[in-house]
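Residue numbers (my numbering): 131 to 419.
Here a beta-carbon is modelled for each residue, glycine too, at the ideal position from N, C-alpha and C.
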């Protein structure tokens with residue numbers, strides 16, 4: 131049974147509610163920085179994939195909310211929580227976190243400066259969160275129609291990216307390694323817009339024949355893929371199903387299947403979910419993938 135530090139939990143809840151007032155969806159975290167509530171399906175290996183549709187807590191970042199009542203309910207269900215996580219990629223900020231780690235042998239801050247010089251961008255004045263290990267989380271805001279995936283070390287050694295489906299430990303959280311806090315002079319700021327050239331670096335390179343629609347699919351096929359890529363949480367299956375139906379109705383189903391699957395995976399669906407949805411669309415339109 132987790133040790134309950136009521137003062138830390140009360141402070142974490144207060145900070146989480148304050149973040150929610152700024153439009154940042156939050157979840158309670160344990161001292162290990164993991165979601166404080168375990169999955170209600172953990173003991174049932176046959177349970178279908180669930181992102182909270184069951185109505186219970188314990189679905190990680192999918193529990194995140196800006197509703198004060200729901201946040202209080204989440205913390206009440208996890209009285210051992212000592213921190214909170216801020217979900218990335220959601221309205222209105224579409225938060226992107228640049229995690230500058232302090233792993234042995236790496237200088238992530240220098241690596242980011244080198245990238246900025248090489249690709250001609252500057253990090254704007256924005257929220258910066260200081261971590262107990264001496265690292266920094268730089269908060270940026272992304273465009274609403276762009277899905278930035280999570281990555282670790284892809285941009286440069288020691289630089290991790292928190293995007294759609296990920297979360298950042300919020301300032302005011304306490305972990306087993308110490309407390310998170312905002313850097314002086316940044317607490318009042320809103321997440322600044324991500325520089326376009328940096329945003330391009332955060333996106334995976336095109337894999338032609340997969341998420342890019344094949345040339346034979348034409349402009350309409352490209353539009354359907356982009357429609358799926360623009361999906362947010364709660365829209366993913368619906369958008370994918372609609373796009374797949376339109377693809378089959380226009381004779382593009384077979385050509386676009388892999389591109390649509392890849393686009394759906396980039397928004398947060400699993401490949402199994404995506405293929406199942408496309409199969410349903412093919413049946414609805416009386417086609418077979």
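Query: Three-state secondary structure (DSSP) of residue 198; Result: helix
Query: Burial state of residue 231 (16 or more Cβ within 10 Å); Result: buried
Query: Contact belief for residue 307 with residue 262 at Cβ below 8 Å, rounded distance in angstroms; Result: 4 Å
Query: Inter-stretch contact at 8 Å, needing at least 3 Cβ pairs: the stretch 159-166 / the stretch 195-202; Result: no
Query: First and last residue of the uninterrupted alpha helix (DSSP H) at residue 249; Result: 238-249
Query: Reference residue 135, options 166, 147, 209 and 201, closest by Cα; Result: 209
Query: At least 3 beta-carbon pairs within less than 8 Å: the stretch 308-315 vs the stretch 247-267; Result: yes
Query: Residue 159 - partner residues in DSSP beta bridges; Result: 165 and 213
Query: Opening and closing residue of the alpha helix (DSSP H) in which residue 378 lies; Result: 366-379
Query: 8 Å Cβ cutoff met for residue 299 and residue 215; Result: yes
Query: Reduced DSSP secondary structure (H/G/I, E/B, other) of residue 311; Result: strand
Query: Buried versus exposed, by CB contacts within 10 Å (16 or more), residue 364; Result: exposed
Query: Own chain residues within Cβ distance below 6 Å of residue 152, not counting five before or after; Result: none
Query: Sub-8 Å separation of residue 286 and residue 241 beta-carbons; Result: yes
Query: Three-state class that DSSP yields for residue 402 in the structure shown; Result: helix
Query: Cβ-based burial, residue 403 [other Cβ within 10 Å; buried from 16]; Result: buried
Query: Contact set for residue 237: own chain, Cβ-Cβ below 8 Å, skip 5 residues either direction; Result: 288
Query: Residue 103, enclosing alpha helix (DSSP H) - first and last residue; Result: The chain is shown only over 131 to 419; residue 103 falls outside these bounds and no answer can be derived.
Query: Spatially closest choice to residue 219 from 401, 396 and 283, by CA coordinates; Result: 396
Query: Per-residue DSSP class, three states only, for residue 229; Result: strand
Query: Proximity test, Cβ basis, 8 Å: residue 289 and chain D; Result: The question asks about chain D, but that chain is absent: this structure has only one protein chain.
Query: Residue 136, DSSP secondary structure in three states; Result: helix
Query: C-alpha distance - residue 326 paired with residue 291, whole-angstrom precision; Result: 16 Å
Query: Extent of the continuous alpha helix (DSSP H) run through residue 263; Result: Note, residue 263: premise wrong, no alpha helix (DSSP H); not H, not E.
Query: DSSP-derived helix/strand/coil call for residue 144; Result: helix
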